[in-house]
Amino acid sequence: HRVDRRQRQMCIRDSNRTSIELLLDTNLVRANAVDGAGAELLRARLVLLAAQSALLEGKSIDTLASMQRLDGYTKKASDLIDSARKQPETSAEGKPLFDAALAAYDVYQRDAIAPMVAAIRAGKPQDASRLNLEKVTPLGIAFTQAIQKYVDYADDVGQRVARDTSTRINGAIVLLVCLLAVVAVLV
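Straight run, no breaks: the sequence shown in the working numbering ends on number 335.
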C-alpha cells in the first residue's frame, strides 16, 4: 500500500516537473528571445532616427555615442533570434505563430533596418526618412504584432501548465488527506 502511494506521488511530482521544465526550457526561452530581439531593434531604430535628425541639421554622426551602440543592438537582436531558432516550436498551435515572428524579423531586418543603417552611414537623411516611412514603420509594426501573438500564446501555455500543475498537486493533497483519514480510523 505504501509503495503504491509513493509511486503515485513520484508520478505526480515527475509529471509536474516535466510540464514546468517544458514551459521554462522552450516556450519562455523562445518568447523572451523574440521579444528581446524586438526591444533591441527598437533601440536601433531610435538611434537611427536620432542620427537622421543630426544629419538633417548638418551635424556629423561620427560623434554620436548612440551610433557606436547601433551595431551592438542589431547584433544582440540577431543573436537572440539565432538562439530562438535553435529551439524550434513544434506544437500545432505555436509553430505558425513562432515561424511568423521569425519571418517578420527577417523581413524587418533585411528590408527596413539594414537599408536604413546604410542610408544613415552614407549620409543620406532623405533616403533614411523615406525608408522610415515606407519600410521601417510598417514592417516594425508587423514584427511587433507577430511577436505579441507568439508571446500571448506562450503566456497562455504557461497559464495552462500552472493550472494543470495546481490541479495535480491539489488532487495529491486530497488523496493524501483521505489516506491519512483512513489510517487514523484504522489506528
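Note that the Cβ used here is the ideal one computed from N, Cα and C, for glycine as well. It should be emphasised that the depicted structure is a prediction, and the values quoted were computed from it without experimental measurement.
Rounded distance between the beta-carbons of residue j and residue i, thought under 8 Å
| i | j | result |
| --- | --- | --- |
| Leu212 | Ala198 | 7 Å |
| Leu287 | Ala248 | Actually they do not touch by this definition, with Cβ atoms about 13 Å apart. |
| Ala192 | Thr238 | Incorrect: roughly 30 Å between the Cβ atoms, too far for contact. |
| Tyr298 | Glu241 | That belief does not hold up - the Cβ atoms of Tyr298 and Glu241 are roughly 10 Å apart, past 8 Å. |
| Gln257 | Arg178 | Not really, about 18 Å apart at Cβ, beyond 8 Å. |
| Ala276 | Gln200 | 5 Å |
Other residues of its chain near residue i: CB distance less than 8 Å, five sequence neighbours each side excluded
| i | result |
| --- | --- |
| Leu279 | Ala260, Pro263, Met264 and Ala267 |
| Glu188 | Tyr221, Thr222, Lys224, Ala225 and Leu228 |
| Leu340 | Since the first residue shown for the chain is 149 and the last is 335, residue 340 is missing from the structure and cannot be characterised. |
Neighbour-count burial assignment, residue i, 16 or more Cβ in a 10 Å radius
| i | result |
| --- | --- |
| Ala185 | buried |
| His149 | Reliability of the predicted coordinates at His149 is poor, the pLDDT of 49 falling under 50, and the value obtained from them is presented with this limitation in mind. Exposed: under 16 other Cβ atoms inside 10 Å. |
| Ile209 | buried |
| Val284 | buried |
| Val305 | buried |
| Ala252 | buried |
Closest by C-alpha distance to residue i, when choosing among the options
| i | options | result |
| --- | --- | --- |
| Val255 | Glu241, Ala294, Ala276 and Arg269 | Ala294 |
| Ile214 | Ser231, Leu196 and Asp227 | Before going further, note that residue 214 is Ser rather than Ile in the sequence given. Out of Ser231, Leu196 and Asp227, Leu196 has the C-alpha closest to the C-alpha of Ser214. |
Sequence-distant residues of its chain with Cβ nearer than 6 Å to residue i (five each side left out)
| i | result |
| --- | --- |
| Leu204 | Pro273 |
7 Å CB neighbourhood of residue i in its chain, flanking five on each side removed
| i | result |
| --- | --- |
| Gly92 | With the chain covering only 149 through 335, there is no way to say anything about residue 92. |
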